[in-house]
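Student: Letter 49 of the sequence shown, counting from 1, is numbered 49 in UniProt numbering, and no numbers are missing.
All C-beta atoms in this analysis are idealised placements derived from N, C-alpha and C, irrespective of residue type, glycine included.
Predicted model only: the values in this text are computed from it and were never measured.
My questions will all concern the structure given below.
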Amino acid sequence: MPSSVIKYFNYDVATETLKIFFVTGMVYLYKNVPGKIYKMLKASGSKGRYFNSNIKGKYKFQKLGEE
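As structure tokens, this is what we get:
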């Protein structure tokens, strides 16, 4: 299901980093995100809601700028 908040995302298993591209054009890199969290985000019916509940504010991040 498309998200009104998240454009797309990808995950690097080796470094446990989750890169999220938001519809606003902003790109953030979340660090030390377990694979389980990525898989649940991928499977979630509401990516934005899952992100807000389970990722935002729970993992260190780096703002990479705009896409």
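Which residue marks the beginning of the alpha helix (DSSP H) containing Ile55, and which one marks its end?
Tutor: No alpha helix (DSSP H) holds Ile55; DSSP gives it neither H nor E.
Student: Under the assumption that Val23 contacts Phe51 (Cβ atoms under 8 Å), give the Cβ distance between them as a whole number of angstroms.
Tutor: About 12 Å; that fails the 8 Å criterion.
Student: Would you identify the three-state DSSP class for Gly35, choosing helix, strand or coil?
Tutor: Note: Gly35 maps to helix in three-state DSSP.
Student: Are Leu21 and Lys39 closer than 8 Å when you measure CB to CB?
Tutor: Note on residue identity: the sequence assigns Phe, not Leu, to residue 21. Cβ distance not < 8 Å, so Phe21 and Lys39 don't count as in contact.
Student: When you compare each of Tyr11, Thr15, Leu29 to Glu66 by their alpha carbons, which one comes out closest?
Tutor: It is Leu29.
Student: Please classify Lys60 as buried or exposed, where buried requires at least 16 neighbouring CB atoms within 10 angstroms.
Tutor: Per the 10 Å Cβ criterion, exposed.
Student: If distances are taken between C-alpha atoms only, which option among Lys31, Gly25, Ser3, Met26 comes closest to Tyr11?
Tutor: Selected option, being the one with the closest Cα: Lys31.
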